[in-house]
Amino acid sequence: MTGHGSRTITDVDVVVCSPGRSYVTLRLGTADGLVGWGDATLNGRELAVVAYLRDHVAPLLLGKDSSRIGDLWQYLYRGPYWRRGPVTMAAISSVDQALWDIQGKAAGMPVFQLLGGRARERLMTYPHASGHTVEDAIASIAAKLEEGYAAVRVQASVPGLPSTYGIHVGDSRDHAYEPAHTDLPDEEAWNTPLYLDFVPKLMKAVRDELGYGFNLLHDGHHRLTPTEAAWLGKELEPQRLFWLEDVTPAEDQSAFSLIKAHTTTPLAVGEVFNSIWDCQQLVTNRWIDYIRCATTHTGGITHMKRILDLADLYGVRSGCHGPSDVSPVGMAANIHLGFAVPNFGVQEFMGYPDAAAEVFTTSYRLVSGHLEIDDTVPGLGVEVDVEAAERFPYDRKYLPVNRRLDGSMHDW
Ligand code: CS2
Ligand code: MG
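Written as structure tokens, this is what we have:
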């Protein structure tokens, strides 16, 4: 639908910057001067989404009515013949977020008000704790609990492997810590027996030392077979985890039927999903407990709301992906949903490099390990300083790849 009114989209820009991490941010402007921001960051493949937006989406948006959020979503999803996939869906997500941002600004309301209004005072948040030894990992969790967090994810170096993904170097508040992001992919080594031997010992030591008064999480990064995952879930039952994440690659959704049949450890998955169809069997068969999709990669607020509504019918709660490679704009979209939906579970919040704060300012803030939001700021509440962004030109980085000890490729 072409728009002729004040809400007509008159300009479309894509801002690419790397203030410590790389971010792709869509800017939509309307005839009446409103500006909406959307996150289109696809870690390690950023420029593919930039091209999709600039070359194929921007021409379609100019002249459209920005208030028709649902119809524009359908237009971008059904229109191009080719559906889904991370590049397409990250692009659609950013348009959708920017349109909700504009809608909120036009209404003078924060987006969560448009989604049904505040359902809770603050969001439980989990950070990453890690260590090269069990003792270091426990100290890292203890420091997070001291800060007020009620939930903590823990990873530790697997003895016998030269390196383990997700372990911080230096101060864990230094978000340059993911040593993983390099000019060409690092090669990491993987060995399942060593991992399966270690993780139950790690989790038992954590509970023995720190007790059961907080929510404990662990991420498997898609590295086990369904049978191995079922064994690990059973083994960890005495440690009463909040969740065990990404135990196996989830292209094969039915693999989770086997895992779920064998363990009461709650399961979370979905950070690499990009549509409701990736979640459908997992949710409707009750094979998972938490759905991890991020608003940035799963079609924006419009589509995430549908996923979370479907999930709620089956007792599945949200646990939106929130690493530092989802930008503060995408994080805000997760947070507005989190404040409004009935089935909020937890919000991952890994934090951002200090330089990111020069580019993005937010109306949400972290207070004692929980997220709060300012009721008075309309839209998504994130402003982007484009001049500051220019000080941080795009810097291509890769995640590591993962090889078994015999040299063959393993899952991420
Ligand atoms: C991780 C991420 O946050 C998580 O749960 O799995 O750190 C992930 O490795 C990165 O987002 C990859 O882009
Ligand atoms: Mg993960």
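For the sequence shown, this note's numbering begins at 25 and goes up steadily by one.
The beta carbon of each residue, even a glycine, is placed where N, CA and C say it ideally should be.
Source: prediction; values computed, not measured.
- Boundaries of the alpha helix (DSSP H) around S281: 279-286.
- Going by DSSP, M148 is part of no alpha helix (DSSP H) but of the beta strand (DSSP E) stretching over 147-150.
- Closest in C-alpha terms to R415, from the list V383, L390, V406, comes V383.
- In the DSSP assignment, Q263 falls outside any alpha helix (DSSP H) and carries neither an H nor an E.
- Distance from the CA of K284 to the CA of W255, rounded to the nearest whole angstrom, comes to 11 Å.
- Counting only runs of 4 or more residues that sit fully inside the segment 366-394, the alpha helix (DSSP H) segments are 380-383, in chain order.
- Minimum Cα-Cα distance from A174 among the listed residues V73, L234, M113 corresponds to L234.
- Residues of the same chain with a CB within less than 7 Å of the CB of V350, apart from the 5 flanking positions on each side, are D63, T65, A318, T320 in chain order.
- The residue among G132, Q121, E407, V176 with its C-alpha nearest the C-alpha of E372 is V176.
- Three or more pairs of CB atoms, one per stretch, sit closer than 8 Å, so the segment 330-342 contacts the segment 297-314.
- Excluding the 5 residues flanking it on each side, E171 has same chain C-beta neighbours closer than 6 Å at G393, in chain order.
- Beta bridge pairing from DSSP links Q304 with no other residue.
- With a 10 Å radius around the Cβ and a threshold of 16 neighbouring Cβ atoms, K129 comes out buried.
- Proximity of the segment 401-411 to the segment 118-135 meets the contact definition, three or more beta-carbon pairs being nearer than 8 Å.
- Taking the C-beta atoms as reference points, R45 is found nearer than 8 Å to P377.
- For L71, the enclosing alpha helix (DSSP H) begins and ends at 70-75.
- By the criterion of at least three beta-carbon pairs nearer than 8 Å, the segment 101-119 is not in contact with the segment 358-366.
- Beta-bridge pairing by DSSP links E269 to D243, A292.
- Beta-bridge annotation (DSSP): W311 is not paired with any residue.
- Around Y236, the same chain offers R264 as residues with beta carbons nearer than 7 Å, after the five sequence neighbours per side are excluded.
- Taking every protein chain shown into account, the CB of Q121 has 16 or more other CB atoms within 10 angstroms, so this residue is buried.
- With contacts defined by Cβ atoms closer than 8 Å, R51 and S90 do not form a contacting pair.
- Runs of the alpha helix (DSSP H) spanning 4 or more residues and lying entirely within the segment 394-436 occur at 410-414, in chain order.
- Taking the Cβ atoms as the reference, I315 lies roughly 7 Å from G343, within the contact range of under 8 Å.
- When the beta-carbon positions are compared, V182 and F136 stay at least 8 Å from each other.
- Going by beta carbons, V111 and V73 fall inside the 8 Å limit.
- T112 sits in a helix when the DSSP states are folded into three classes.
- Shown here for G294: same chain residues with a beta carbon closer than 6 Å to its own, the five before and five after excluded, namely I315, R316, C317 in chain order.
- G244 sits buried, since 16 or more C-beta atoms from the chains shown fall within 10 Å of its C-beta.
- Closest by C-alpha distance to L241, out of L220, A213, H286, T149, is T149.
- Exposure of A75 is indicated by the presence of fewer than 16 other C-beta atoms within 10 angstroms of its C-beta.
- Where L234 is concerned, the enclosing alpha helix (DSSP H) starts and stops at 216-234.
- At a cut-off of 4 residues, the continuous stretches assigned as alpha helix (DSSP H) that sit fully inside the segment 154-185 are 158-171.
- For P151, the Cβ stays outside the 7 Å cut-off from all heavy atoms of the ligand CS2.
- In its own chain, leaving out the 5 sequence neighbours on each side, no residue places its CB closer than 6 Å to the CB of E275.
- Apart from sequence neighbours up to five positions away, the residues of its chain that approach K228 with a beta-carbon distance below 8 Å are P262, Q263, ordered along the chain.
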